[in-house]
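Below is one structure; the comments refer to it alone.
Numbering (this note's numbering), first residue to last: 1 to 78.
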């Protein structure tokens, strides 16, 4: 399943986890992601892997778009 997310500068994706593996591709903007115990800044062209059950979240440093890919499909997004 693929989901497009748009963030404004200062937007927050609160820390959370779910039973889905998630890959995020940064289309535009800059973000500070925390995945488990690691925090890093990412921008256009970067890709992140979030294993199922691992806490993760982000802060948008510069507004933009990211694509999230989930497996299995997230029924709560349908």
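For glycine and all other residues, C-beta sits at the position ideal for the given N, C-alpha and C.
From a predicted model like this one, the values you see are computed outputs, not experimental measurements.
CB contact flag (residue i, residue j, <8 Å)
{"i": "residue 5", "j": "residue 65", "result": "yes"}
{"i": "residue 34", "j": "residue 18", "result": "no"}
{"i": "residue 43", "j": "residue 32", "result": "no"}
Residue from the options whose Cα sits closest to the Cα of residue i
{"i": "residue 8", "options": "19, 76 and 59", "result": "59"}
{"i": "residue 70", "options": "56, 52, 36 and 63", "result": "52"}
{"i": "residue 16", "options": "36, 75 and 1", "result": "36"}
Simplified DSSP assignment, three categories, for residue i
{"i": "residue 38", "result": "strand"}
{"i": "residue 52", "result": "coil"}
{"i": "residue 76", "result": "helix"}
Separation of residue j from residue i, as counted between CA atoms
{"i": "residue 41", "j": "residue 48", "result": "11 Å"}
{"i": "residue 26", "j": "residue 45", "result": "6 Å"}
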